[in-house]
Amino acid sequence: MISSSEYGSHSWELLVTVDHQHEEVQKEFLLQVTGDLHVGGLMLKLVEQIKISQDWSDYAFWWEQKKCWLLKTHWTLDKCGVQADAKLLFTTQHKMLRLRLPNMKTVRLKVSFSSMVFKAVSNICKILNIRRSEELSLLKQSEDTLKKKKKKDKNNKEPLTEDILNLCNSPVSSGLSGSSGLYSKTMTPVYDPVSGTPASSTITWFSDSPLTEQNCSILTFSQTNCSPEALAEMYQPRTLADKAKLSAGWLDSSRSLMEQGILEDDQLLLRFKYYTFFDLNPKYDAVRINQIYEQARWAILLEEIDCTEEEMLIFAALQAYHVSKLSVSSEAQDFTTESEVDEVEAALSNLEVTLEGGNTNNILEDITDIPKLADNLRLVRPRKLSLKAIKPYWFVFKDTSISYFKNRESAQGEPIEKLNLKGCEVVPDVNVAAKKFGIKLLIPVADGMNEVYLRCDNENQYAQWMAACVLASKGKTMADSSYNPEINKILSFLKMKNWTMSSQVVSDPESIDMKPECFVSLRYTKKYKSKQLIARILEAHQNVSQMTLVEAKLRFIQAWQSLPEFGLSYYIVRFKGSKKDDVLGVSYNRLIRIDIATGDPITTWRFSNMKQWNVNWEIRQVAIEFDQNVSIAFTCLSADCKIIHEYIGGYIFLSTRSKDQNETLDEELFHKLTGGQE
C-alpha cells in the first residue's frame, strides 16, 4: 500500500486504456490523479507513461460509461464529473467509416467520431465534392431492412473489397483547401455542364485531393445497372409501415458518431435527407446531381415512392436506357455548344424546390390585377354506394379559391360551391395515352379531407389549372412569378409521357441489348414479359432520345419531384386523444396525417402556418401550434421523436437560405432549431 501522505489525501487512481497499435506495449495504465487536474494535464501525464514516440494530437479521452468525449482540455476532472470509478479510453478522434452512397457505391474514408454529425457530414461532402452538405445526413439501416441481405451474407460486410472506393488518405481534419463546398459567383466551373466530366481546371485540384479523376467519375457517372436478382435481394417496402422503417434510422445531427454507438469501420448510408435541392448548377454539382438522380432512381426501382405505369416507363427510358447508355458512351464527352448549355440551364430554372415564402421581390407584382381562370370543366365526386357522378360546370379560379356555376351565364350570381384550396393536397390523375387529364383535390374540412376531382379536356387546360391549384395549396395566387414556370414544368412532363407506337422503333425488340428488369420495379417485371417491356421502354424513349446526359438526369429529378409522394418521410405516431396509430408524413413544406390502413390523407398542416413547436422530452411528445388556434401533439412509435423534431427544424433552417447572402452556413442556428433540450 502507498501511504496517502505520499500523494496527498485528495488523490485517487484512475484507470485509462490506450487504443494504440503497438502490441509489445501495455494498453492499460493506472494514473494517480486529483480532482483539480485538468484534462490536458491528464493527457500529458498519460503520454509520459506510455513512452511511445508518436503523434498523439488526434487522440482524446472517451468516457465509456457516460458515452461522451472529454474534449474541453481546460476543464478539471471534477468539473467533468470524472471519479475513481470512471473508465477512460484514450483513442483517435478520426476513424475509418464505410459509407454507402445513393448510387450504391461504398466509400471508405476517415471521419471525425468526436464532431457533431452535422459537422462530420460537412467534411465528408468536402471530400466527395458535394456542395450544400446541409441537405444530407447519415442513416443507420434498421435490422428489418437488412434481413434480405443477411440471408446472403450473415456478417453484413462487403463481399468484395474491390467494390469499396478507398479514400482513407483524405485530409478530413483540415478539410480540402481546393473546394469550399459553397457557391461563389467567381468560382471556376468544376465540371462540364452537359457531360458532367471534370473540367480541365479541376484536374489540378485533384492532385491535392484523395478524389482522383478516376474516383470522381465513379461518383459523377451512373454505373452499370444491377442484375434483377440483386434487385430482388434488396428491401422493398410494401406498406406505409414498411416505408416508416426506411426513415427511422437517421442519426442525431447534434451528437457525435461515438455517442450514438457507431464503431470504427461500421457501414452507414449517406443520403439526401431534406428534399430541398438548393442552387443546383451543373458547372459545380456533377457529383451532387448524379447522387440526387441515383437516390431518386433507387427509390423508384424499389417502390419506396409510388408512380403510375406510364410514369415508370418514362423513368425507365430516362434513367436506365438513356443515362446508362450515355454514361458509357464516348458521345458524352463531345464538345458542347452554347445552345446545349442554355437548354440545361433552362431545365435547371424549373427544377429547384423552395419552401413557401419564396422570393419576396415579386410581392407587388400584379397586385392590382390578380389573374383568374374561367372555363368548362367536369366535376367528379366519389360516392360510397354508387358510381362516380360526373357533371360539367363553369369553373372560375380566382385568388386561392375555385367556384363553380351551372353554366357561364350564371357566373355573375352565387356559385353552387366555393372551394378554398389553401392547405389542400393536389394529386395528378393523368393518363396521357388515354387522354385523361384529371386533378384530385383533397380539401381540409372539420372531420378530415373532402375529395373532389376535376377533369380537363386537354394538356394545356390541365397545365394551367394544375399549376394554379399547386400554387393555391401553398397560399399563392397566379400573380406569383412561379406560375408560368410551374405550367412549363407540367407541360414538359406531359410531353415526355406523350409517345406513340412506332413500328420502326420496336420492330425487333429481341435484337436490342437491354435488360428491362433492371429498369423497372418488380411489380412490372411480373406483369409483362421482357419483350413487351423493351418495346414499351423504347416507345417512351423517343421523347427523350435527344437529351444530353446532364439534361436527362435533371429531367429525371424533375419528374421525380412531380410525383405526389415526393419528399415524404413516414413515421408511425399516436396523436394525443387518439386510440389508434396513424402515419405522419413529413415533407419540405407540410405535415400530413395519413390513415395507416387505407393510406388516405386525413389532415394537412403547412409549415407556413406554424407558430411554434416543442418537445416534452420526459414523455417524448411533440407539440405543434398553428394559426387559428390549431394545436396538435403526438408521440412517435417507429423512431425517436428527436428525428421528427430535427426534420421540422431542419426544413425551417433550409428555408432561410439565399443566394444573395454570405454562403457560410449558420451552424449555430441549425443546432438551435434542431438540437432540442434533452
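Count the sequence shown with my numbering and you get residues 14 to 691, in order.
C-beta: ideal position from N, C-alpha, C; glycine also.
Reference residue i; option with closest CA among the options
i, options, result
"Leu141", "Thr233, Tyr541 and Met129", "Thr233"
"Ala329", "Lys80, Met527 and Leu44", "Met527"
"Phe620", "Trp630, Glu638 and Ile503", "Glu638"
"Phe410", "Leu432, Arg391 and Lys118", "Leu432"
"Val439", "Leu467, Glu422, Val483 and Gly426", "Val483"
"Lys286", "Asp608, Asp298 and Gln308", "Gln308"
"Val130", "Tyr72, Glu61, Gly274 and Glu37", "Gly274"
"Ala636", "Ile657, Lys79, Ser505 and Ala485", "Ile657"
"Arg468", "Asp71, Trp407 and Met462", "Trp407"
"Pro614", "Gln304, Cys320, Leu434 and Asn463", "Asn463"
"Cys239", "Leu314, Ala299, Tyr288 and Val300", "Leu314"
"Asn473", "Ser644, Asn642, Ile632 and Leu390", "Leu390"
Per DSSP, cross-strand counterpart(s) of residue i
i, result
"Tyr583", "Gly598"
"Thr105", "Tyr72"
"Val465", "Leu454"
"Pro529", "Pro529 pairs with nothing; no bridge assigned."
"Leu83", "Phe74"
"Lys566", "Paired residue(s): none; Lys566 is not in a bridge."
"Asp388", "Phe408"
"Asp442", "Gly451"
"Asn179", "Arg121"
"Tyr417", "Phe408 and Glu430"
"His51", "Thr89"
"Gln280", "Arg111"
Neighbour-count burial assignment, residue i, 16 or more Cβ in a 10 Å radius
i, result
"Glu681", "exposed"
"Pro405", "exposed"
"Thr252", "exposed"
"Asn420", "exposed"
"Gly436", "buried"
"Arg394", "exposed"
"His87", "exposed"
"Lys566", "buried"
"Ser343", "The predicted position of Ser343 is uncertain, since its pLDDT is 38 and thus under 50; no value can be drawn from it."
"His107", "buried"
"Thr561", "buried"
"Ile65", "exposed"
"Val586", "buried"
"Cys181", "exposed"
"Asp49", "exposed"
"Ile500", "buried"
"Ala256", "Looking at the sequence shown, residue 256 is not Ala but Lys. Counting Cβ neighbours within 10 Å, Lys256 comes out buried, since at least 16 surround it."
"Ala485", "buried"
"Asp470", "exposed"
"Gly688", "buried"
"Thr611", "exposed"
"Thr490", "buried"
Proximity of residue i and residue j at Cβ, strictly below 8 angstroms
i, j, result
"Val52", "Leu27", "no"
"Val628", "Cys649", "no"
"Ile661", "Trp626", "yes"
"Thr538", "Pro250", "no"
"Phe450", "Val443", "yes"
"Lys153", "Leu259", "no"
"Ser122", "Leu281", "The sequence shown places Leu at residue 122, not Ser. For Leu122 and Leu281, no; Cβs fall outside 8 angstroms."
"Lys624", "Asp640", "yes"
"Leu535", "Ala245", "yes"
"Val134", "Leu149", "yes"
"Leu507", "Val445", "yes"
"Ser543", "Ala261", "no"
"Ser269", "Phe126", "yes"
"Glu272", "Lys80", "yes"
"Lys487", "Asn602", "yes"
"Leu83", "Trp76", "yes"
Cut-off 7 angstroms between Cβ atoms - residues of its own chain near residue i, not counting five sequence neighbours on either side
i, result
"Glu430", "Tyr417"
"Ile550", "Leu326, Ala329, Ala330, Tyr334, Pro529 and Phe532"
"His35", "Ile65"
"Lys385", "Val409, Phe410 and Lys411"
Sequence-distant residues of its chain with Cβ nearer than 8 angstroms to residue i (five each side left out)
i, result
"Leu59", "Val29, Val31, Phe42, Leu44 and Phe103"
"Lys118", "Asp176, Leu178, Ile231, Leu232 and Gln236"
"Ile503", "Tyr475, Ala476, Met479, Ala480 and Ser575"
"Ser220", "Here Ser220 scores only 43 on pLDDT, less than 50, and its place in the model is too uncertain to base an answer on."
Cut-off 6 angstroms between Cβ atoms - residues of its own chain near residue i, not counting five sequence neighbours on either side
i, result
"Lys589", "Ala646"
"Lys453", "Val440, Asp442 and Tyr466"
"Val120", "Leu112, Leu178 and Leu180"
"Asp319", "Glu578"
Test: residue i CB closer than 8 angstroms to a CB of chain B
i, result
"Asp98", "Included in the structure is just one protein chain, with no chain B present."
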